[in-house]
Structures are given as C-alpha cells and as structure tokens.
Amino acid sequence: MASSSERRETARQALAERARRISAIRRRVFAGALAAFVMAWSVIAWSGSMGATSAASTTSAGTTQSQDEPSAVTTGQS
Amino acid sequence: VTTDQLFWVTSRAGGIVALAAASLAVTAGLLMGGRFVPRSVDLRVVHETLSLTTLAALAVHVFALLGDGFINLSLADILIPFASSYQSLWMAAGITGGWMLTILGLSYYARTRIGVARWRKLHRFTALAWLLGIAHAIGQGTDAGTLPFAIALAAVALPALGLLAMRLAPATEAAT
Chain Y
1 MASSSERRET
11 ARQALAERAR
21 RISAIRRRVF
31 AGALAAFVMA
41 WSVIAWSGSM
51 GATSAASTTS
61 AGTTQSQDEP
71 SAVTTGQS
Chain Z
79 VTTDQLFWVT
89 SRAGGIVALA
99 AASLAVTAGL
109 LMGGRFVPRS
119 VDLRVVHETL
129 SLTTLAALAV
139 HVFALLGDGF
149 INLSLADILI
159 PFASSYQSLW
169 MAAGITGGWM
179 LTILGLSYYA
189 RTRIGVARWR
199 KLHRFTALAW
209 LLGIAHAIGQ
219 GTDAGTLPFA
229 IALAAVALPA
239 LGLLAMRLAP
249 ATEAAT
C-alpha cells in the first residue's frame, strides 16, 4: 500500500501534468489566433480591397462616401 | 498599405479573428453544455481561451478604428450604440454584441459572487451576442461579400448554429 508521502507525490505529479496540458492548450489557441490574424491581415492587404464603392451614404463626419471605406484608387491614395 | 489603411486593415483582420474565435468558443461551449461529449477539463480550457482570444481580437477590431483617419470615428461612436450615424443599425448590433460578449464573458470570473445557477442562465445570452456579431459582420463587414470570408464564416459558424438549433429544439418542443 502506498504511503501518504507517495500519494502526495502522485497527486502533485498529476496536478503538474494537468497544468502543463492546460498551458499547452492555451499556447496553441493563442498561436492559432495570431496565425489567423496575420493571414487575414495579409490577404486583405494583398488583395488591396479597401471597401465596396457601389452605394453612397453619408457618414457622421458629414462627407459623402461609399458604403464602406473606398479603395485607394477612389481616394487618390497609393 | 498607407498608414490610414494600416489601421483599417488591422481592424478588419481583428474583426474576422474575433468572429472566428467567438464561433469556435460558442461551439466548444455548446459541446460542453449539450452533453454531446464527455465533460472534460480540456474542452473547458479551450472554451475559456477562445473566449479570451475573442475579447482580445475584439479590442483590436474596435480600437484600431480610432486610428483610421478616413472614417473618423470617435471613442463614443465605437462604444455607444447608435452614437454614430455611420450604418447605425449594423454598428449598434456590433457594439451591443461586443459589450454583451465582454460583460458575459468576464462574468465567468465572478460567477461565485453572482451565484453559479444565476450565472449559467446569464451565460446563455452569449449565443445572442454572438448572433449580433454575425449580423454585424454580414450587414456591415467590408469583406462580407467576398468568397474567402463566406467560406471561413460558414466553416466556423455553421457547426455552432447546428448545435445551437439542437440545444434550442427540445425547449421549443416542450413549450408547444
């Protein structure tokens, strides 16, 4: 039969293993999210799409502009 | 990409990640609560981490807009529903959903003070906040009409929608 110190050691190891597993899951999720952010950012920047230009609407700034932010071409930005 | 566009692109990428992470968090939460899979510590950690990731991405999505010199939104515009006249209904849906996600998400850490049973009831409204986020993305999102966005949204949102329908179905049947 295991002594109380052995049981304590087993429990400590189980807790340490669980903490390691939780830490690994968190790291993977955060890394995945960061990778998704970089990918989304790159795709948007690479495609050069800065917004649709089909519908006109008035913004809070009081200027007439497209449904979304217009492209660099329409704003004259490069 | 110019400096103005830098903030705009960052905000859009943040919004996409927030929507994806929220959808996956809802899926994990429904899998846990719906008893579809055995209750495990791992799934709870995935759910919690995805929720925190959602809030971080949401902060990037919202506060990056302040740097955009073209759209010129103020802090009130991005934090108070209907404060901005820019596509106010979709903006309000996003802002309301964002606040709900933040408050309901962070309430997890005060659940013992709130009362676990009461907190569980409140936590169900997270699904509503997520649906508001989807409405905001589809109604106002610059990328909503693009194929990659549609595919990505379908991939993460449809499983959650299916699980949500399965969860709500017995309740609806019981009520009729």
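Line by line, the protein sequences give chains Y and Z.
The numbering of the first sequence is this note's numbering, which starts it at 1 and goes up by one.
The numbering of the second sequence is this note's numbering, which starts it at 79 and goes up by one.
Note that beta-carbon positions come from the ideal geometry of N, C-alpha and C, so glycine has one too.
The model shown is predicted, which means the values in this text are computed figures rather than measured ones.
By Cβ distance, which residues of its chain are closer than 6 Å to I156(Z), with the 5 residues on each side in sequence left out?
If we look at I156(Z) and ignore the five residues flanking it on each side, its Cβ neighbours are V140, L143.
In chain order, each alpha helix (DSSP H) run of at least 4 residues that lies wholly inside the segment 198-232 of chain Z:
With a minimum length of 4 residues, the unbroken runs of alpha helix (DSSP H) contained wholly in the segment 198-232 of chain Z fall at 204-218.
Verify the CB distance criterion: does A45(Y) have a CB-CB separation below 9 Å to chain Z?
By this cut-off, A45(Y) is an interface position.
Out of L179(Z), L210(Z), G211(Z), point me to the one whose CA is closest to L200(Z)'s CA.
Cα-wise, what sits closest to L200(Z) is L179(Z).
Could you work out which residue in V29(Y), M39(Y), E6(Y), V43(Y) is closest to E126(Z) when comparing CA atoms only?
V29(Y)
Between the C-alpha atoms of A19(Y) and G107(Z), what's the straight-line distance to the nearest angstrom?
C-alpha of A19(Y) to C-alpha of G107(Z): approximately 21 Å in a straight line.
What are the start and end residues of the alpha helix (DSSP H) that includes D120(Z)?
119-142
Using beta carbons (cut-off 9 Å, strictly below), is A100(Z) in contact with chain Y?
no
What does R191(Z) reach in chain Y if we use C-beta pairs closer than 7 Å?
Residues of chain Y passing the Cβ test: none, with the nearest at roughly 23 Å.
On the premise that A170(Z) lies in contact with F160(Z), defined as a C-beta separation below 8 Å, what is that separation, rounded to the nearest angstrom?
5 Å
Selected residue, minimal CA-CA separation from A135(Z), among A35(Y), S3(Y), S47(Y), R8(Y)
A35(Y)
Got a sec: is the Cβ-Cβ distance from A36(Y) to anything in chain Z below 9 Å?
yes
Note down, in chain order, each residue of its chain lying with its Cβ closer than 8 Å to the Cβ of L21(Z), except the 5 sequence neighbours on either side.
Since the displayed chain Z opens at 79 and closes at 254, residue 21(Z) lies outside it and no answer follows.
Tell me which same chain residues have a C-beta within less than 6 Å of the C-beta of A207(Z), skipping the five on either side of it?
Counting only residues of its own chain and dropping the five nearest sequence neighbours on each side, A207(Z) has a CB closer than 6 Å to the CB of G175, M178, L179.
Outcome for T13(Y) when other beta-carbon atoms lying within 10 angstroms are tallied against a minimum of 16:
It should be pointed out that residue 13(Y) corresponds to Gln in this sequence rather than to Thr. Exposed, by the Cβ-count rule.
Chain Z contacts made by the segment 6-23 of chain Y, where a contact means CB separation under 8 Å
In summary, the residues of the segment 6-23 of chain Y whose CB is separated from some CB of chain Z by less than 8 Å are R18, R21, I22, in the order they occur in the chain.
W46(Y): buried (16+ other C-beta within 10 angstroms of its C-beta) or exposed?
exposed
Anticipated Cβ contact below 8 Å, V87(Z) with I25(Y), distance rounded
No, V87(Z) and I25(Y) are not in contact; Cβ-Cβ is about 30 Å, not under 8 Å.
Please name the residues in the segment 116-130 of chain Z whose beta-carbon is closer than 8 Å to at least one beta-carbon of chain Y, in chain order.
V119, D120, V123, V124, T127, L128
Can you pull the chain Y neighbours of I94(Z), defined as C-beta to C-beta under 7 Å?
By Cβ distance, chain Y contributes A40.
Roughly how many whole angstroms lie between the Cα atoms of A213(Z) and S5(Y)?
57 Å
Which residues mark the beginning and the end of the alpha helix (DSSP H) in which A11(Y) is found?
4-47
Buried versus exposed, by CB contacts within 10 Å (16 or more), V38(Y):
exposed
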